[in-house]
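Numbering (my numbering), first residue to last: 47 to 358.
(1) Between the beta-carbon of residue 139 and the beta-carbon of residue 178, is there less than 8 Å?
(2) Going by DSSP, which residues form a beta bridge with residue 78?
(3) Quick test of your reading: residue 293 and residue 310, contact by CB under 8 Å. State the CB separation rounded to the nearest angstrom.
(4) Under 8 Å, with one C-beta from each stretch per pair, do the stretch 253-266 and the stretch 101-114 reach the 3-pair mark?
(5) With a CB to CB cut of under 7 Å and the five nearest residues on each side skipped, what residues in its chain are close to residue 325?
(6) Here's the rule: buried if 16 or more other CB atoms are within 10 angstroms of the residue's CB, otherwise exposed. What is residue 59?
(7) Hey, residue 77 and residue 247 are a contact pair by Cβ (cut 8 Å); roughly how many whole angstroms apart?
(8) Does the beta-carbon distance from residue 240 to residue 79 come in below 8 Å?
(9) According to DSSP, is residue 53 helix, strand or coil?
(10) Measuring straight from C-alpha to C-alpha, what distance separates residue 65 and residue 342?
(11) Secondary structure at residue 61, three-state DSSP: helix, strand or coil?
(12) So, is residue 388 buried or exposed, given that buried needs 16 or more other C-beta atoms within 10 angstroms?
(13) Just the C-alpha distance for residue 336 and residue 220, rounded to the nearest angstrom, thanks.
(14) Under DSSP, the alpha helix (DSSP H) around residue 303 begins and ends at which residues?
(15) Among 84, 305, 143, 202, which has the Cα closest to the Cα of residue 256?
(16) Determine which residues share a DSSP beta bridge with residue 179 and list them.
(17) Return the first residue and the last residue of the beta strand (DSSP E) that residue 262 is part of.
(18) How would you call residue 171, buried or exposed, if buried means at least 16 neighbouring beta carbons within 10 angstroms?
(19) Taking residue 107 as part of the beta strand (DSSP E), name the residues at either end of that continuous run.
(20) Less than 8 Å between the beta carbons of residue 161 and residue 199, yes or no?
(21) Skipping 5 residues on each side, what residues in its chain have a beta carbon closer than 6 Å to that of residue 216?
(22) Nearest by alpha-carbon distance to residue 340: which of 313, 202, 191 is it?
(23) Return the Cβ separation of residue 211 and residue 189 in integer angstroms, given the expectation that the two are a contact with Cβ distance under 8 Å.
(24) Taking the alpha-carbon positions, what's the residue 356 to residue 345 distance?
(25) Consider the Cβ of residue 267: report whether some Cβ of chain B lies at a distance smaller than 8 Å.
(26) Taking DSSP as the reference, what is the three-state secondary structure of residue 209?
(27) Check the C-beta distance from residue 218 over to residue 192 and give it rounded, since I have them as a contact under 8 Å.
(28) Where does residue 175 land, buried or exposed, given buried means 16+ other C-beta within 10 angstroms?
(29) Assuming residue 121 is part of the beta strand (DSSP E), what are its boundary residues?
(30) Buried or exposed: where does residue 142 fall if 16 or more other Cβ atoms within 10 Å of its Cβ makes it buried?
(31) Please classify residue 113 as buried or exposed, where buried requires at least 16 other C-beta atoms within 10 Å of its C-beta.
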């Protein structure tokens, strides 16, 4: 059973196809990232997943519950944090959480206890009685996340949760999400323009462009689709030319070029595993004084697959 299963989701606005046959699954306890340029269809897909927008065709299941047939039951299992802050600024954090908790059907001691747990989780217990209007952007984001967690959802959806926050607040939000995922009791869909956030949190990810999923997999699988070797910079103390000849003969190495008087630049499929091989090959010939690996990254893969031209 999947925490989320979407099949052939399609949505049109007039002549524009915003989402075009998107299918994806999220396993229980899995963190799944959605990446895509502006206007790619991510927000429209999210709106259909959470039941805010009906698909023209296709289906969404939260666990075994069909969003189309049983929308209220499906939504009870989702915690959704939209891009825009969805709080009442003149209410305190505790009052906001009490309001949203009641919408989820919580009341009495159970609600009070859950509010205390959530405030502790997002690190705002000491500011719980202050108006949200007095909060920083990062604090508002944390309360927003807390509101989505009150009812202990099976699936948490975070849509650009760190936009406009300072680095410290951003790290606090990410650390909090990591703690949630470590419990194994919640699944996550995470959208962001920050590649390093998706890499940090997500087990798998999909790249959406022009309404379609154009690539899906782990970071390693996506990078491998594009291809490209790791670049390994090695500084040596010894006979550089002899060392180069020895390294060129290694089956793990695809290319070697000299850089300066004492350095070589290597290309290899798995640069991090190369160091012990080099140490063995160069024994008695040269000593390695520095070793640095530059791997193909997710951002380069994203640009390769979607193109780097700006579009809205």
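The beta-carbon is built from N, C-alpha and C at its ideal position, and this holds for glycine as well. Just so you know, these numbers come straight off a predicted model, no measurement behind them.
Walking through what the data contain:
(1) yes
(2) 235, 250
(3) Going by Cβ atoms, the distance from residue 293 to residue 310 rounds to 7 Å, so yes, they are a contact pair.
(4) no
(5) 334
(6) exposed
(7) 5 Å
(8) Contact: no.
(9) strand
(10) When only Cα atoms are considered, residue 65 and residue 342 end up about 29 Å apart.
(11) coil
(12) Any property of residue 388 remains undetermined from this structure, which presents the chain solely from 47 to 358.
(13) 33 Å
(14) Counting along the chain, residue 303 falls outside any alpha helix (DSSP H), though it belongs to the beta strand (DSSP E) covering 299-305.
(15) 84
(16) Residue 179 pairs with nothing; no bridge assigned.
(17) 258-263
(18) exposed
(19) 103-108
(20) Taking 8 Å as the Cβ cut-off, residue 161 and residue 199 do not qualify as a contacting pair.
(21) The answer, listed in chain order, is 208.
(22) 313
(23) Their Cβ separation, rounded to whole angstroms, is 12 Å, which puts residue 211 and residue 189 out of contact at 8 Å.
(24) Its pLDDT being 45, under 50, residue 356 is placed unreliably in this model, and the value from its coordinates should be taken loosely. Here the C-alpha atom of residue 356 lies approximately 15 Å from the C-alpha atom of residue 345.
(25) Absent here is chain B; the protein component of the structure consists of one chain.
(26) coil
(27) Not a contact, Cβ separation roughly 12 Å.
(28) exposed
(29) Taken as a continuous stretch (DSSP letters only), residue 121 belongs to no beta strand (DSSP E), being part of the alpha helix (DSSP H) at 117-121.
(30) buried
(31) buried
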